[in-house]
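First up is the structure itself, then whatever we jot down about it.
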Amino acid sequence: MFERTAATLESCTSLHALPSASRSWRSRRTLHTGFWQHGAAAIDISSSAVAMQPNSISVSAPKLSTPPLETLAASTFLFDFLYPSGTVTFLRKLVPGLPDHHQVSIGQLPRRSRPFTSSAAASPLQNHDSQPVRHSQATSASVIEEHRELGHEIIDQAQEEEEAKEAEEEAEEAEEAEEAEEEGEEGEDEDAVTSLHNTHSGPSYIGAGSRPDLMRELMAMKDTEYFGSIWQLYSQLEPSLQPELRLEVIAYLHRSKNIIDARRVSLLFSEVDATQWTPILLTSAVTAHLRLGRRTEALSLYHEGLSAKGIAGGLNKLLQYAFSDADWDTVKDVWVSYHASDGYSDSRVKKLRFSVPNIGKLVIDFARFIRTSKMDEEVAHALNVLLRQAAEAALRLPCEPEAALPLLQIVDSADMYVSYFRLAWRLGQRNHLPDIYRAYRKLANTEIPYGMLRCMFEVFDPDDVLGLEQVYEDLCRTNRFDLWAFKKYASFYASRGDVRSLERLADAHGSLVRDDKDYYLHRLLSAYATVGYHKGARIIFDKIRSRGYMTVKSWNMLLKSCLKEETYNRAKSVFKALCNNTRPNAVTFTTIMSMAASKGDLEFTLNLFQQAQEQGVETDVPILHSVVRAYCLNDRFQEALATCIEAKNTNVPGDHVRLWNTLLRRYSDRREFDEVCGIVVHMEQHNIQMTPETHKILLKALVDCKQAHPAYKVLRSLLREGSTVLGQEHFTTILEGGLRLRQLKWANKLDRMMRLHAGLSPSVDFRLAQARALLKNELFGKRQQPSEEVDAAEELIEYMRELTDDVKATMGTPPGDSNAKHSAKSVDSLFRLRQLFVKAEALLIRYHRFDSVRELRELRANLGREGVVLGPKNPSIDLLYSHMRENVHKKQYRTAKKNWGLIWEKALAAAQPALSPEHGQSGILPRYRYILSKPFETVQQVFVKQRDADSLKTTLGRLLDAGFLLDNHAMNHTCQILARMGLWLDACKLCEQYLMQNWTGWQSNRIKRGLKVNIPLEQRRIGSAPQWLRPTSYTLMVLAKEYGNLERMKAWSADAAKTSRTLQEECPAVVSAIRNMPYTGDDIELDVLGEK
């Protein structure tokens, strides 16, 4: 049935009569491929289609020299089957009485690249006596008259001479044109190729007779291809006319990518005498040989034309084929012979094109071939000419971004640097632009375009400080530091909180400050707000108010300066004043809500959200981010997830991945890995694209679940794939996970991977993790390289000294001094120091490196005396905790208790909700619930050293009564300390109340009862979270030791019996666990309990 259907639809006249579908269906394309592989008889429905139209011209049927083929009456349902979307249009054209609005000229028909087999016609080599057929007026009108002027002028001798002079240029244009065409399909049936009657593009002209005028008109058309039609017409030419048109047909057919036309070109070229060779003719023949895989014949023909007539026909095509195969010997053979010939032309060299995949890498390999091969100086010079042109051609494509810089260094042209830079910027290829910019700066006598400097600022901001310094230097050196540049650098300094650099910038460019004084003051206000220095921000705010330029933006910056304070008092006061003086906007509510959400103050956050809605403030992602964060800190995950989904469904403006990252981060902190995976599935379902922050959270989730090794493998695989999501924070996360498992070798490995493979410089957190790895290595006596003495503390202090020197370098710099170009580095150094001081001090105190701590404090004090703002003036809880640890180590117990008192006051004030208990939640806010765990463990050591059990009990009771909690480690340790200090019953009560709720039983007892040895994996993961309170076996052993003594004494002592009854009533879970405890005789049991 399919073959019969195909027979009724071939040849192409029927295809052009039927309208094309508006889109291509996979099933339709597959079906047609099978149809057109079969030879078929022609069916011409164009006459009937024209006859049925109103006012149509009657057309006589053409008289064919061969008997008519059997036809099949095909219904319109067949058309609908093959052309579902085009049937209505076709039927409309057949309805009488309707005007035809859909006439399409032949010139507008799409190119048909699929080779369709046609019915047989006379071969040009077998039958040239076929009777010519007169085309009707309708056929001529539809095919010819719209595209040609009436009549032909005979080409005189002068025109022929002029065409001969332009032959070489035509050859070059033909090569360029064929590079722009699409690749044709290969592998046609051999019968279709050798029959020489296949029409794979253009309408069928079988039986049209000898029509040289029609052939020239069709070949002159530029917007449509008629390769198959031209071959049919050529086949029907009179023998005397074929030599006249043979050269033109060869030149026309060689533009086709189809293998059929390549064989036709080869066949026709064999009939051409060598005296008739022209550049376009040789180019066509060489190209045909190459398409047919005849590399040797192509090279032979190229050399023959070059030596006999000085014509380099097919030069560009040969070079492209050789380049694509990295066949450098062939490239050398082809090019050197051309370079030494009389036909060599510099103008033609500049027109060479290399549209080859991976051309950048191939050109670099070609350069390596020239550099490493032994050859004569003249040959090397000739190849270097080609190398330079190939590099320029590759850069214009453009080439792969990673190959651009080596190619630019080959070309060594300032203009080419600028041209490629503009092209890469337009295409968004920015990864390798910093290297190109720095290489361009080194070229002699070059002035960097202003546009390039503006682009490079966008690339470098905010992380590449060296690049920002170089842009600043170039702008000042060329006197192009304008208002745009001033605003950009002022914003950069403000984002880092560097007030001093802002002031120096204003002094150096005073005229620009006078042009926009208000902008400068707002940048100063933003700088103070960034570091959380409210006093300085208030001074600048009052200056802005005195100038009468007060906007809600100014109020928002003042409000932002309150965010790092521990209490709500000042922030609420500023927010109230803002609402009284101006109308708050989305940024206002985002700022105050972010403070409430960071504390976990859900009631206040929702109250502010309601106020924003009542005042008509548009809800965006930053506002909802605070809502989701508050929900997560209060463990209301269903509400948080519903908020994320609703925001996506309602198209809330903003980056939605921030909401989902918050949910992922909270689940990761709770070690709920299954829930993390579930959120990732939700993100995929709602088309939420992951960011580098998302990948960091997922890596941290693996690390927190004791899967640091799989996380390390994931990082390495991302690095091998060249992923662009990797940043310093990903390497830091893996390193911190490795340190928990004492994988100290990872520090050097990850540092090398980050620097060499990822091209990243270590961040502050990564350097701290490195220092911690070295300190651990010293502590456990496992040096990675015993021959190298590395002092981890001294290395960290030296790094901080360098940062301090960078900051001090610009302290006394006068305005306009050349050293001002280093201000960007100074700003970055100060930014890093602010992050380092507290964390580095805590790390050094933890490992008892107090000499280094003393030097660290001196550095901080020196910067403070210089007027550098390092942060809020009041010490934080973390800093006070570090001081308390130092006090305990030095046995300064009174000072340690004093610091504990300061920590208690700060934590209690910060942990209070914003709303009163009758209007909001009461108790301690979630963020601060476990904040006193480590400080309490430290002050507990003081009570143990002083044997002050009563103070320990009082302090613990006050902490728990206030609503604070201890994490799992601290709670277990406290139970053990209470039991050993004579407060055994209190220890049991504490264990019963806070720890026994999550007790899962003894593993050996589960084995005896035939249960699973281990509890479910998800439960074990959750149990490893610090907030998951459960008793350790060691804690129960400590309690069991005293319980054994109590059981032995209760028969002899009334007090012991009373204590036993109290224990049974108030601590049943503890008693059950102790009684069911199996004795295995391991070292821990022997140490705590002794022999059974």
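Numbering (UniProt numbering), first residue to last: 1 to 1092. Backbone N, C-alpha and C define an ideal beta-carbon position, used for all residues, glycine too.
- Taking a 10 Å sphere around the C-beta of C677, we find fewer than 16 other C-beta atoms and assign the residue as exposed.
- In this structure, V853 lies away from Y893, with their beta-carbon atoms at least 7 Å apart.
- The beta carbons of G343 and I311 sit about 6 Å from each other, so the pair counts as a contact at 8 Å.
- Cβ neighbours of Y528 within its own chain (closer than 7 Å, five residues either side excluded): V499, G536, A537, I540 and S561.
- Sequence-distant Cβ neighbours of N899 in its own chain, meaning closer than 7 Å and more than five residues away, are L880, H883, M884 and N887.
- Counting only the Cα atoms, G759 lies some 23 Å from Q835.
- DSSP, read as helix, strand or coil, puts P462 in coil.
- When the Cα atoms are used, L292 and S235 turn out to be separated by approximately 22 Å.
- Leaving aside the five residues that flank N634 on each side, the residues in its chain whose CB is nearer than 7 Å to its CB run, in chain order, G600, L602 and P926.
- Every unbroken stretch of the alpha helix (DSSP H) spanning 4 or more residues and falling wholly within the region 896 to 966 is given here in chain order: 933 to 945 and 949 to 962.
- Between E693 and N661, the alpha-carbon positions lie close to 7 Å from each other.
- Note on geometry: alpha-carbon atoms of T955 and T974 lie some 12 Å from one another.
- Classified as buried, K696 has 16 or more neighbouring CB atoms from the shown chains inside 10 Å of its CB.
- A distance below 7 Å between beta-carbons, with the five flanking residues on each side excluded, links V286 to the following residues of its chain, in chain order: A298, L301, Y302, G313, G314, K317 and L318.
- In the pairwise beta carbon analysis, the region 1008 to 1019 is classified as not touching the region 1059 to 1074: fewer than three pairs are separated by under 8 Å.
- Around the beta carbon of R860, a 10 Å sphere encloses 16 or more other beta carbons of the protein chains shown; the residue is thus reported as buried.
- If you look at F369, you'll find it in the alpha helix (DSSP H) that goes I359 to T372.
- In the three-state scheme derived from DSSP, where H, G and I count as helix and E and B as strand, L563 is classed as coil.
- Taking 7 Å as the cut-off, the Cβ atoms of G497 and V465 do not count as close.
- Residue nearest to F673 within the set H656, D704 and Q689 is D704 (criterion: CA-CA distance).
- For V1038, the uninterrupted alpha helix (DSSP H) run begins and ends at S1033 to M1049, by DSSP.
- Cβ neighbours of K808 within its own chain (closer than 6 Å, five residues either side excluded): none.
- Counting every other CB atom within 10 Å of its CB across the protein chains shown gives T1000 a total below 16, marking it as exposed.
- Rounded to the nearest whole angstrom, the CA to CA distance from A640 to E614 is 22 Å.
- Within a 10 Å sphere around the beta-carbon of W1052 sit fewer than 16 other beta-carbons, which makes this residue exposed.
- Cβ neighbours of S324 within its own chain (closer than 8 Å, five residues either side excluded): V356, P357 and L362.
- Using a 10 angstroms sphere on the CB of G737, the tally of other CB atoms reaches 16 or more, which defines it as buried.
- Of the residues M971, W1002, N998 and N569, the one whose Cα lies closest to the Cα of A987 is M971.
- For the 7 Å CB-CB criterion, G963 and G901 do not form a contact.
- Between the region 437 to 456 and the region 411 to 429 there are three or more C-beta pairs closer than 8 Å, enough to call the two in contact.
- Its chain contains F964, L965, L966, D967, P1026 and Q1027 as the residues whose beta carbon lies nearer than 8 Å to that of Y930, once the 5 sequence neighbours on both sides are disregarded; these appear in chain order.
- Contact between F227 and S256 holds: their C-beta atoms lie close to 5 Å from each other, under 8 Å.
- Scanning its chain for C-beta atoms nearer than 8 Å, with the 5 sequence neighbours on each side dropped, one finds around G1044 the residues L1089, in chain order.
- Put simply, of H757, P622, A792 and L756 the residue whose alpha carbon is nearest the alpha carbon of A769 is A792.
- If you compare the alpha carbons of L843, F609 and I734 with that of V627, the shortest gap goes to F609.
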